[in-house]
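Each protein sequence line maps, in turn, to chains A and B. Under my numbering, the first sequence has 40 at position 40, and the numbering climbs by one with no breaks. Under my numbering, the second sequence has 177 at position 177, and the numbering climbs by one with no breaks. Every residue gets a Cβ at the ideal spot worked out from N, C-alpha and C, and that includes glycine. See structure below.
2 protein chains.
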Amino acid sequence: MTSGLAEKRREKYEAILQAALKVFAEHGFFNSQVSKIAREAGVADGTIYLYFKNKEDILISLFREKLGSLVRKFHEHVHEDDRADEAIRKICELHFTELEKDVHLAKVTQLELRQSSRELHSEISKALKPYIQLIEDVLVRGIEQGIFRRDLDVKLTRLLIFGAMDEVVSSWLISGRRYSLSAQVDKTVDFFLRGLRA
Amino acid sequence: MTSGLAEKRREKYEAILQAALKVFAEHGFFNSQVSKIAREAGVADGTIYLYFKNKEDILISLFREKLGSLVRKFHEHVHEDDRADEAIRKICELHFTELEKDVHLAKVTQLELRQSSRELHSEISKALKPYIQLIEDVLVRGIEQGIFRRDLDVKLTRLLIFGAMDEVVSSWLISGRRYSLSAQVDKTVDFFLRGLRA
DNA sequence: AAGCAATGAATGAACGCTCATTCATTTTCG
DNA sequence: CGAAAATGAATGAGCGTTCATTCATTGCTT
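So, in structure tokens, the structure goes:
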């Protein structure tokens with residue numbers, strides 16, 4: 001096993017991130033102690049600082065990794081040549097199912113995303129931008145395909161769509177996940193497409 | 001002037017809340033020191049504790065007062081006998097104009113509302129519930145009036161509408177308020193009504 | 001009216017506790 | 001053995017909260 005070099009490091013790095021995700025999701029960033037993350041990850045407090053600059057750096061890295069791989073997943077499933085209305089359905093479906101699969105991630109994105117450290121906020125919007133952009137691209141394509149209204153304000157509409165999905169996820173979390181999130185896809189997409197169609 | 005008794009107290013209470021609103025909006029709850037609020041309000045640190053149980057109590061009181069008067073304003077403008085589509089327009093208009101008027105309130109509701117102390121969260125949803133309920137009522141009325149689709153899921157749709165408006169406000173804040181929020185009402189309502197109409 | 005007493009609002013220095021971070025020491029592993 | 005990784009006790013800054021003290025106002029007494 002010659003692999004256990006930089007790989008071991010990567011493993012521990014991810015173990016700490018995973019632990020942090022859980023702790024942040026359960027207690028929120030400001031109520032999460034570094035020592036708690038260390039315990040959850042099964043490492044010593046000091047070890048954290050061999051992998052991360054400071055506590056905030058943990059959260060920022062978390063967002064970069066997690067949102068990055070989410071966005072990648074979206075790009076895998078939504079293709080240039082899809083019909084725009086089918087793409088909208090796919091986006092909503094992925095949005096709901098992926099967050100339903102990873103509750104901790106859902107909690108952190110929904111509840112902590114809006115925190116207010118300057119640095120943090122810009123990092124988060126940076127990580128989120130490609131997703132919002134993806135929605136916009138689909139809207140533009142839909143207009144070109146003649147499926148969506150020509151008078152759509154795509155910059156505004158992408159917000160309406162993202163915000164609506166976001167709120168459904170938030171509400172589902174707050175309810176204690178007492179119903180299926182992915183079961184809301186059809187009715188949600190239906191509402192969107194009525195608002196979009198030419 | 002026999003008034004200057006309990007009135008003086010009320011005035012100071014409100015001065016502290018106003019100061020807290022500003023400080024929370026600028027720095028976020030966890031980065032706002034009680035001493036900073038005291039300085040902003042022009043009182044001593046200890047004085048705060050003559051009016052509030054603790055720091056969290058300040059935030060909770062803030063929400064109660066501010067959201068309470070907002071909800072009251074909605075009820076003043078949206079009446080039982082309005083056409084439901086007109087009511088939706090009125091709601092969106094008020095949502096945007098009221099938050100555009102009070103940026104500090106907008107910031108606190110958008111950015112702090114999602115914090116994670118259990119007690120806080122339940123307090124906030126309690127204060128917000130009448131508003132969400134109002135939207136639902138209008139949806140139900142719209143169906144009864146034959147204006148909205150009979151197959152609407154009102155519980156889901158109220159979230160879609162609230163979330164969409166919420167995101168538009170968030171985005172406007174993050175952009176540094178570089179455009180008019182109330183100018184988005186028409187296009188936003190247009191999108192909603194297409195999704196709602198029978 | 002004038003002095004005295006009582007009140008309680010306001011103050012802000014001090015307290016005590018909570019953590020993020022450090023670093024001297026130990027363990028691991030090639 | 002030696003270097004790198006990991007440890008976790010120790011540190012100290014930050015901050016919410018307390019409380020002994022001040023002082024303007026009001027009420028009471030003669």
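Notebook entry, point to check: Would a C-beta distance cut-off of 9 Å place B:V71 and B:L134 closer than the cut-off?
Noted result: It is a contact, given that the beta carbons lie within the stated cut-off.
Check: A:Q110 and A:S69: beta carbons closer than 9 Å?
Finding: No, Cβ-Cβ distance for A:Q110 and A:S69 is not below 9 Å.
Item checked: The alpha helix (DSSP H) enclosing A:D45, as first and last residue numbers -> Its alpha helix (DSSP H) spans residues D45 to Y51.
Checklist line | B:R178 in three-state terms, based on DSSP | finding: Taken through DSSP and simplified to helix, strand or coil, B:R178 comes out as coil.
Item checked: Burial state of A:R177, where buried means 16 or more other Cβ atoms lie within 10 Å -> Residue burial is scored here from C-beta neighbours: A:R177 has fewer than 16 other C-beta atoms within 10 angstroms and is therefore classed as exposed.
Check: Skipping 5 residues on each side, what residues in its chain have a beta carbon closer than 7 Å to that of B:L173?
Finding: Within the same chain, and ignoring the five residues on either side of B:L173 in sequence, the residues whose Cβ sits closer than 7 Å to its Cβ are A106, K107 and Q110.
Check: Along chain B, which residues have their Cβ under 7 Å away from the Cβ of A:E123?
Finding: Residues of chain B passing the Cβ test: none, with the nearest at roughly 13 Å.
Item checked: Listed by chain order, chain B residues near A:Q33 by CB distance under 7 Å -> Within chain B, no residue comes near A:Q33; the closest Cβ sits about 14 Å away, beyond 7 Å.
Check: Can you tell me the Cα-Cα spacing of B:R158 and A:E112, whole angstroms?
Finding: The alpha-carbon of B:R158 is positioned some 23 Å away from that of A:E112.
Check: A:K55 and A:V23 look like a contact to me (Cβ under 8 Å); what is the Cβ gap, rounded to whole Å?
Finding: Between A:K55 and A:V23, the beta carbon gap of about 11 Å keeps them out of contact (Cβ cut-off 8 Å).
Item checked: Near-chain A residues of the region 152 to 167 of chain B (beta-carbon distance less than 7 Å), N- to C-terminal order -> Hits within the stretch, in order: D153, L156, T157, L159, L160, F162, G163, A164, D166 and E167.
Item checked: Cα-Cα separation between B:E14 and A:L196, rounded to whole angstroms -> Spanning the alpha carbons of B:E14 and A:L196 requires a straight line of approximately 45 Å.
Note to self: Taking 9 Å as the threshold (beta carbon to beta carbon), is B:K187 in contact with chain A?
What the structure shows: Chain A places a beta carbon closer than 9 Å to that of B:K187, counting this residue as a contact.
Margin query: So, at 8 Å on beta carbons, what are the nonlocal neighbours of B:H77 in its own chain, with the 5 sequence-adjacent residues on each side left out?
Written below: Here the set comprises K90 and L94.
Next item on the list: Please list the partners that B:R178 has in chain A, where partner means a Cβ-to-Cβ separation under 9 Å.
Entry: Using a Cβ-Cβ cut-off of 9 Å, B:R178 is close to nothing in chain A; its nearest Cβ partner there is about 12 Å away.
Checklist line | Cβ shell of B:Y131 (< 7 Å), same chain only, five flanking positions each side left out | finding: So the qualifying residues of the chain are V71 and F74.
Check: What does A:F148 pair with, by DSSP beta-bridge criteria?
Finding: For A:F148, the beta-bridge partners assigned by DSSP are A:R197.
Checklist line | For B:N31, three-class secondary structure by DSSP | finding: Looking at B:N31 - three-state DSSP - the assignment turns out to be helix.
Notebook entry, point to check: When the Cα atoms are used, what is the spatial distance from B:T2 to B:R9?
Noted result: Residue confidence is low: B:T2 scores 32 on pLDDT, short of 50, so the model does not pin down where it sits. Its coordinate-derived value is still stated next. Distance from the CA of B:T2 to the CA of B:R9, rounded to the nearest whole angstrom, comes to 14 Å.
Next item on the list: Assuming A:G142 contacts A:A84 (C-beta within less than 8 Å), just tell me the rounded distance between them.
Entry: Cβ-Cβ separation between A:G142 and A:A84: approximately 3 Å, consistent with a contact (criterion under 8 Å).
Checklist line | Outcome for B:G42 when other beta-carbon atoms lying within 10 angstroms are tallied against a minimum of 16 | finding: Looking at its Cβ environment, which holds fewer than 16 other Cβ atoms inside 10 Å, B:G42 is exposed.
Notebook entry, point to check: For the putative contact between B:L120 and B:I58, defined by C-beta atoms under 8 Å, what is the C-beta separation to the nearest angstrom?
Noted result: In this structure B:L120 does not touch B:I58 by the C-beta definition: roughly 11 Å separates them, more than the 8 Å allowed.
Notebook entry, point to check: In three-state terms, what does DSSP make of B:H95?
Noted result: Under the three-state reduction of DSSP, B:H95 is assigned to helix.
Item checked: Integer-rounded CB distance, given that B:V189 should sit under 8 Å from B:I88 -> Right, the Cβ-Cβ distance comes to about 6 Å (below 8 Å), so this counts as a contact.
Margin query: With a threshold of 9 Å between beta carbons, is B:I174 in contact with chain A?
Written below: Chain A contact via Cβ: present.
Check: Which whole runs of the alpha helix (DSSP H) in the region 101 to 136 of chain A are 4 residues long or more, in chain order?
Finding: Fully contained in the region 101 to 136 of chain A are the following alpha helix (DSSP H) runs of length 4 or more, in chain order: 103 to 107.
Note to self: Along the chain, where does the alpha helix (DSSP H) containing A:G42 start, and where does it finish?
What the structure shows: First-last for A:G42: undefined, no H or E at that position.
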